[in-house]
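Residues -27 to -1, 1 to 305 in mature numbering (1 follows the signal peptide of the UniProt record, and there is no 0) are what the sequence shown lists, from first letter to last.
Positions of the beta carbon are idealized from the N, C-alpha and C atoms, including for glycine.
The structure under discussion appears below in the form of structure tokens.
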Amino acid sequence: MGTPRLAFPRVAALWALLLASLGSATGQPLGAEPMCTAQPLARYSITFTGKWSQASFPKQYPLFRPPAQWSSLLGAAHSSDYSLWRKDQYVSNGLREFAERGEAWALMREMEAAGERLQSVHGVFSAPAVPSGTGQTSGELEAHSRHSLVSFVVRIVPSPDWFVGVDSLDLCDGGRWREQVAVDLYPYDAGTDSGFTFSSPNFATVPQDTVTEITASSPSHPANSFYYPRLKALPPIARVTLVRLRQSPRAFVPPALDLGAGGNEIVDSLPDPETPLDCEVSLWSPWGLCAGPCGRLGAKSRTRYVRVRPANHGAPCPPLEEEAPCDPDNCL
């Protein structure tokens, strides 16, 4: 049976347009973003800058065993078919091990398996750990026109299962690669551990929860290490900068890190924001015995202690001792 003849030129034109549109959509998922049409490959330097200082985050700031620091950075250049992590979704077993203990092997195997099985991961990249809360680390990555998205994670150390990172940041802008991208980073909870503080013991969340952003008011609990009810939003705890490399990979020299006696500290042109921390005190103790001479009013007292000392012009501590008149129990 031959191809049916189209009687009207308008119908023929519509039919040709339909075939052309179907042909152009071949290989693209329904509703997907337009594919990157830039040059096939692009190389980038990635620089992670920790901004976790005692001035910006004074509450329970870890000073020892271990002090505030960052794990190694681990990420991938990938297509939209792959997700390393996503807000409001469950993390994989590999990411759980990384967020809780900093173990990277399982997560690396997951990324490599996705590249082999689904062809959705172009390459895995990493950068060394930062041994202090404020410092820098750098690495390189290669993006492909079919794998122009970048995702990575860095564990907050110490913490129950907290991390920072980016999810599916697109380095391609239509027909060109972006020259430079900078993103402020904020803490996330992986949803696998129920601790509230940096030094909380390992206590699994059962059932497992999804990834949630940690804010100045959420979780809404005074014990939360990031709980600053006076703030509308937390200051950024880190920042990542990606710069496209023009020179050959061998000619690229990562920024030198100062590993002197002061640690891997960075000197910013702008000082760290000072987050006010209000004083926190315990509940009152029970009233003590009423003491005093016979025939006259005596006095009893109760005390409380400082749980969190104020910092950065936060509210000062209230009185820690209180007295009240009473009738002596055993007069003198």
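Which first and last residues belong to the beta strand (DSSP E) in which L14 is found?
-> 14 to 24
What does DSSP give as the partner residues of H51 in its beta bridges?
-> V94, L122
Whole-angstrom C-beta distance between P202 and S190, which should lie under 8 Å = At roughly 6 Å, the Cβ-Cβ gap stays under 8 Å, so S190 and P202 are in contact.
Whole runs of the beta strand (DSSP E) within the stretch 249 to 288, excluding any shorter than 3 residues | 271 to 276, 279 to 281
Relative to the alpha-carbon of G168, which residue among W150, S132, E152, R151 has its alpha-carbon at the smallest distance?
-> S132
Distance, Cα to Cα, A272 vs G261?
-> If you take the alpha carbons of A272 and G261, they lie about 9 Å apart.
V281 to H194 span [Cα, whole Å] = 14 Å
Within 9 Å, strictly: CB atoms of V123 and I19 = yes
Host beta strand (DSSP E) of F71 (start-end) | Run containing F71: none in the beta strand (DSSP E); it sits in the alpha helix (DSSP H), 66 to 74.
Outcome for K205 when other beta-carbon atoms lying within 10 angstroms are tallied against a minimum of 16 = By the C-beta density criterion, K205 is exposed, having fewer than 16 other C-beta atoms within 10 angstroms.
Could you tell me the distance, in whole angstroms, from the CA atom of T178 to the CA atom of C263?
-> 47 Å
Measure the Cβ-Cβ separation of T183 and Q62 and say whether it is below 9 Å.
-> yes
Which word fits P291, buried or exposed, when buried means at least 16 other C-beta atoms lie within 10 angstroms of its C-beta?
-> exposed
Whole-angstrom C-beta distance between V127 and L46, which should lie under 8 Å | 5 Å
Flag this pair as yes or no: are the beta carbons of D162 and F176 separated by less than 9 Å?
-> no
Using DSSP bridges, identify the partner residues of C304.
-> Looking at the DSSP assignment, C304 forms no beta bridge with any residue, so it has no partner.
Around the Cβ of F116, are there at least 16 other Cβ atoms within 10 angstroms (buried) or fewer (exposed)?
-> A quick correction: the sequence has Ala, not Phe, at residue 116. The residue in question, A116, is buried, as its Cβ has 16 or more Cβ neighbours within 10 Å.
For P289, which residues of its own chain have a beta-carbon under 7 Å away from its beta-carbon, when the five flanking residues on both sides are left out?
-> Excluding sequence neighbours, P289 sits near C252, P283.
Starting from the C-beta of S258, find all residues in its chain whose C-beta is less than 7 Å away, skip the five residues before and the five after it, and write them out in chain order.
-> R275, T276, R277
What whole-angstrom Cβ distance do E83 and G67 have, given they're in contact under 8 Å?
-> About 4 Å separates the two Cβ atoms, so the contact holds.
Go ahead and label P160 buried or exposed: buried means 16 or more other beta carbons lie within 10 angstroms of its beta carbon, across all protein chains shown.
-> buried
Extent of the continuous beta strand (DSSP E) run through T110 | 107 to 117
When burial is assigned at 16 or more other CB atoms within 10 Å of the CB, is L144 buried or exposed?
-> buried
Helix, strand or coil at E85 [DSSP, three-state] | helix
Reduced DSSP secondary structure (H/G/I, E/B, other) of L80 | helix
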